[in-house]
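Residue numbers (the working numbering), protein chains in the order written: chain A, 213 to 347; chain B, 213 to 347; chain C, 213 to 347; chain D, 213 to 347. A virtual CB, placed ideally from N, CA and C, is assigned to each residue, including glycine.
Number of protein chains: 4
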Amino acid sequence: MPFSHLRTVRLADTDAAGVVFFARTLALCHEAYEESLAAAGLDLNDFLGRADIIVPISRSEADYKRPLRVGDKLRISVTPSPLSGNAFAVTYEIMKLGPVEKLSARVRTEHVCTSLSKRERTALPPALAAWVQAG
Amino acid sequence: MPFSHLRTVRLADTDAAGVVFFARTLALCHEAYEESLAAAGLDLNDFLGRADIIVPISRSEADYKRPLRVGDKLRISVTPSPLSGNAFAVTYEIMKLGPVEKLSARVRTEHVCTSLSKRERTALPPALAAWVQAG
Amino acid sequence: MPFSHLRTVRLADTDAAGVVFFARTLALCHEAYEESLAAAGLDLNDFLGRADIIVPISRSEADYKRPLRVGDKLRISVTPSPLSGNAFAVTYEIMKLGPVEKLSARVRTEHVCTSLSKRERTALPPALAAWVQAG
Amino acid sequence: MPFSHLRTVRLADTDAAGVVFFARTLALCHEAYEESLAAAGLDLNDFLGRADIIVPISRSEADYKRPLRVGDKLRISVTPSPLSGNAFAVTYEIMKLGPVEKLSARVRTEHVCTSLSKRERTALPPALAAWVQAG
C-alpha cells in the first residue's frame, strides 16, 4: 500500500472558476510528498540547501480528470520509484473521497539530487534512497 | 476552549527568507476558520454566492511574533465574536508546538454578511449566527 | 514571433529553497496565457462558467531547467496550437533575461472546451479558435 | 507623488467566490513594495538573510473596500514612513482603474530591521533608511 495523505480543499486552493487552480494541484501533491518523507523520519529542510544537498524537481506531469471544490476531502497517494543512483520519480493519485471514490488527478514529479558545491548530480543520501526503495 | 486546527507548515507556505510568507499566515488562519465552520456543520460554499449571501472579509490585522519554518507543527485557535447583527470578528492565535508552545502570530478578521441581490448588509443566517455566539 | 509576457519574480513566488516553487512556475505561465488572451481581445471571464463554456486545463507538463530567484526578470513566450476542434495546447518558454538569456523552464498545457449544460466537449468559440490558429 | 505599481489581477489571485482572496491582497502590496525598492536601486535579496540583516514584517492591517476580479487593472501606491531608527511602516492604496478610479483596499505593514547574529533590532542600512525618508 502506498503512503497516503488526507487533505481538505481550502478556499485558498481554488480560483474564480470555482475549482482548484491547476497549479495548486501540484502543490497538494508536494504536501503529500513532504508528509511521506516526514513519516519516514526524513526532514525536508535537509534537502533545501542547509547541507550541501538539494533535491529539486526537474520535471512534472499532471493529468487533471475531475475538478475539486472547497471542502472536498482528498486522499493523495505517494509512490516513489528510482530513476538512477541520483534521481527518482514520484507518482501521485488524488482521489476525491465520498460514497464512491473518484480519481481527480494523476501527477508525476522527477527529482534530481544535486551537490551545491560540486554543481553536479550526486548520489541520494542513504535515508532518502531507502525511502525511494521502500516506495 | 476555542476550536483549534492542527497544521504542518509546507514548503509552499514559505518564501526565500526561509520562513512562512507573511500573507500566507492569513491563509493558514482562514483554513482554521473553514475547519471550524465545517466542524459546526456549516458549508463554506453556502457563503460564496451560491445562495444570495456572501460573507466577505472587510478587515484583517495580524501581529507576526515568531517566524515559522517548513515542518513546524501549528495549532491555530479560532474565536468568533459578534460585532452586530450582520457582522462578526474572528481572532486566531497560531501556536508553534514543541516542548514549549510559543505564540507565532495573532490575527483578527472581520466578516460582513451581504445580500447579493439587495447589495447591502443583511442578517447572518441563523446557523452562522449560532456559530458566532458559540465562540 | 510568439506572444511574450515580461514578469519579475516576486518573493511570494519563492520557497524556503530560495527559488521559485515548482508549482508557481505553472502559475507564471498561466499569467502569460491570460495576458496573451487579453492582447487578442479575449476575456478570460468568458471561459470561467459565466457563459455555458469552460476551458479547463486537462494536462500539464513542465521541465525545470534553471532555478529562478527573487528579482529575476523573465520573458515568457506563449505558443498555442490546435489539438482538435474542441481542444488546444499551449507551449511556454520561460527565459531568464540578462547579458545572456537562459532557458529556465519549458511548459505545456492542454485545454479542453466544455459545455457546462451538456457536460461534454464542445467546439471552441470562434474568437478563441482564431487565437489558437494565430499561434 | 508616491511610487505606484501597475498590476493586472490574475486567475491565481482569485478564489471560488470569484474575487481576489483576501490574503492575496497583501501579496499584491508586497509586490508593489518590492518594485518600489527595486526602483530605488535596492535589492530585496539583501534583506532576506544573505547578509546579517533581515527586515521581516511585524504587523499588517488591511481594509478591503471593493472586490477585485480577474483582469481588473490596479494601481498600487507605496508610501513608506519611519517608525524609529530600526523600523518603518508602509501604507498602500489599491485603486481599481477604469472610467472612475475606485479604492479597493487600504493596507499597512510594519517592518523591523533585525540582526541575525545579534538576534536584536538594528539600525536600517543607509540605503533603506533613505528609501523610507524619501517616502
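Heavy atom of the ligand FAD within 6 Å of residue i beta-carbon
i, result
"F259 of chain D", "With respect to the ligand FAD, the structure offers nothing, as it holds no ligand at all."
For residue i, three-class secondary structure by DSSP
i, result
"S329 of chain B", "coil"
"P338 of chain A", "helix"
"L238 of chain B", "helix"
"E273 of chain B", "strand"
"V344 of chain D", "helix"
"L249 of chain A", "helix"
"L286 of chain A", "strand"
"F259 of chain D", "helix"
"E243 of chain D", "helix"
"L280 of chain D", "coil"
"A228 of chain B", "coil"
"L223 of chain D", "helix"
"T218 of chain A", "A quick correction: the sequence has Leu, not Thr, at residue 218 of chain A. Three-state result, L218 of chain A: strand."
"L295 of chain C", "strand"
"M307 of chain C", "strand"
"V312 of chain C", "coil"
"V267 of chain D", "coil"
"F233 of chain B", "coil"
Cβ-based burial, residue i [other Cβ within 10 Å; buried from 16]
i, result
"D225 of chain C", "buried"
"L315 of chain A", "exposed"
"G253 of chain B", "exposed"
"G351 of chain B", "Here chain B comprises residues numbered 213 to 347, so residue 351 of chain B is not present and cannot be evaluated."
"A251 of chain C", "exposed"
"K285 of chain A", "exposed"
"A244 of chain D", "buried"
"R236 of chain D", "buried"
"E246 of chain A", "buried"
"V312 of chain A", "exposed"
"P338 of chain C", "exposed"
Contact set for residue i: own chain, Cβ-Cβ below 7 Å, skip 5 residues either direction
i, result
"F259 of chain A", "I265, I266 and V267"
"K329 of chain B", "The sequence given here places Ser at residue 329 of chain B; Lys does not occur at that position. Cβ within range, chain order: D264."
"L309 of chain C", "K285, L286 and R287"
"W343 of chain A", "L249, A252, L254 and P292"
"M213 of chain A", "none"
Whole-angstrom C-beta distance between residue j and residue i, which should lie under 8 Å
i, j, result
"A346 of chain A", "E322 of chain A", "That pair is no contact at about 18 Å."
"L240 of chain C", "R219 of chain C", "6 Å"
"L249 of chain B", "L256 of chain B", "6 Å"
"A228 of chain C", "L223 of chain B", "6 Å"
Sequence-distant residues of its chain with Cβ nearer than 6 Å to residue i (five each side left out)
i, result
"R318 of chain C", "D275 and E305"
"H217 of chain C", "A244, E247 and I288"
"T303 of chain D", "T291 and R320"
"I269 of chain B", "T321 and H323"
"S325 of chain A", "The question names Ser, yet the displayed sequence has Cys at residue 325 of chain A. The residues are V267, N298, T334 and L336."
"L295 of chain C", "A301"
Close beta carbons around residue i, own chain, < 8 Å, minus the five adjacent residues each side
i, result
"G283 of chain B", "T220 and V221"
"S327 of chain A", "D264, I265, R333 and T334"
"F234 of chain D", "A274 and Y276"
"V231 of chain A", "P279, L280 and R281"
"G261 of chain D", "L328"
Chain E contact residues for residue i, given Cβ-Cβ distances below 7 Å
i, result
"A346 of chain B", "Among the chains of the structure shown, chain E does not appear; the protein chains present are A, B, C and D."
Worksheet entry | Near-chain B residues of the segment 252-284 of chain D - C-beta to any C-beta below 9 Å | If you check each beta-carbon in the segment 252-284 of chain D against every beta-carbon of chain B, the ones closer than 9 Å belong to L256, N257, F259, L260, G261, I266, P268, I269, S270, R271, S272, E273, A274, D275, Y276, K277 and P279.
Worksheet item: Between the segment 231-252 of chain D and chain C, which residues of the former have a C-beta closer than 8 Å to a C-beta of the latter?
Response: Going along the segment 231-252 of chain D in chain order, one finds A239, H242, E243, E246, E247 and A250 with a Cβ nearer than 8 Å to chain C.
Fill in: Against chain A: residues of the segment 298-309 of chain C by CB proximity under 9 Å
Per Cβ criterion, the list is empty.
Worksheet entry | Members of the segment 216-227 of chain A near chain D, C-beta cut-off 7 Å | Answer set for the segment 216-227 of chain A: L223, A224, T226 and D227.
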